[in-house]
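Counting from 2, one number per residue, gives the positions in the sequence shown under our numbering. One structure is given here, and the rest of the page talks about it.
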Amino acid sequence: MKASDFTTPHEVWAVVDTDDARHVAMAMRDHNVRSLPVLDAEGRLEGIVTERDLVVRLLARGRSFETPVHELMTRPVRTIRMDTPLDQIEAIMREHKIHHLPVTDEDNHLKGFVSISDLIRHCKDTDLEHDLIDVLEATHSPGKPAK
């Protein structure tokens, strides 16, 4: 099994690297999401901005809501390709405590996402399902604070 078996198609829910923090926060609210991919002017994946990025890198530092998202986003972004095998996806999620992995093409254009929930939903193997649940639990353990 590989990423193409699980990829959730890329929705229009992305922001551009020049959008400001206010726009990002409103987009997160409107789409009921905790993170958004950040694209450059050509539609290539530049980074990911999370609620935590907004709290730690904006609010906690007293920065303006007019701050461009490229100053707040997390990068580099760990990505996978459509042909990335399941065991590699699981290892990346576990090692880096990631719930969602962006799927990009060779030019870094966003094609979709693979989430732990997507993997579990499509899982037919009970042992594999338990492994994925272990990954999910590992991603919820405390990590290092953002820079």
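Backbone N, C-alpha and C fix where the C-beta goes; we use that ideal spot for every residue, glycine too.
Requested in this report: Return helix, strand or coil for R45, following the three-state DSSP convention.
Outcome: Translated into the one-based positions of the sequence shown, residue 45 becomes position 44. In the three-state reduction of the DSSP assignment, R45 falls in the strand class, which pools E and B.
Query raised in the report: Nearest to L73 by alpha carbon, out of I81, G63 and R79?
Result: To locate residue 73, count along the sequence shown from 1; it is residue 72. The residue with the shortest Cα to Cα distance from L73 is G63.
Query - Nearest-angstrom Cα separation, counted from D41 out to D21 - result: On the sequence shown, position 20 is the one that residue 21 refers to. On the sequence shown, position 40 is the one that residue 41 refers to. Straight-line Cα distance between these residues: approximately 14 angstroms.
Requested in this report: Consult DSSP for V16 and reduce its assignment to one of helix, strand or coil.
Outcome: By 1-based counting over the sequence shown, the position of residue 16 is 15. Strand, per DSSP.
Query raised in the report: How is I81 classed by DSSP in three states: helix, strand or coil?
Result: If you number the sequence shown from 1, residue 81 lands on position 80. Strand.
Report task. For H71, name the three-state secondary structure that DSSP assigns. Result -> Your numbering for residue 71 matches position 70 in the sequence shown. Helix at H71.
Query raised in the report: Could you give the distance in angstroms between the alpha-carbon of R122 and the alpha-carbon of D84?
Result: As a working note, residue 122 is residue 121 in the sequence shown. As a working note, residue 84 is residue 83 in the sequence shown. Rounded to whole angstroms, R122 to D84 spans 19 angstroms at the Cα level.
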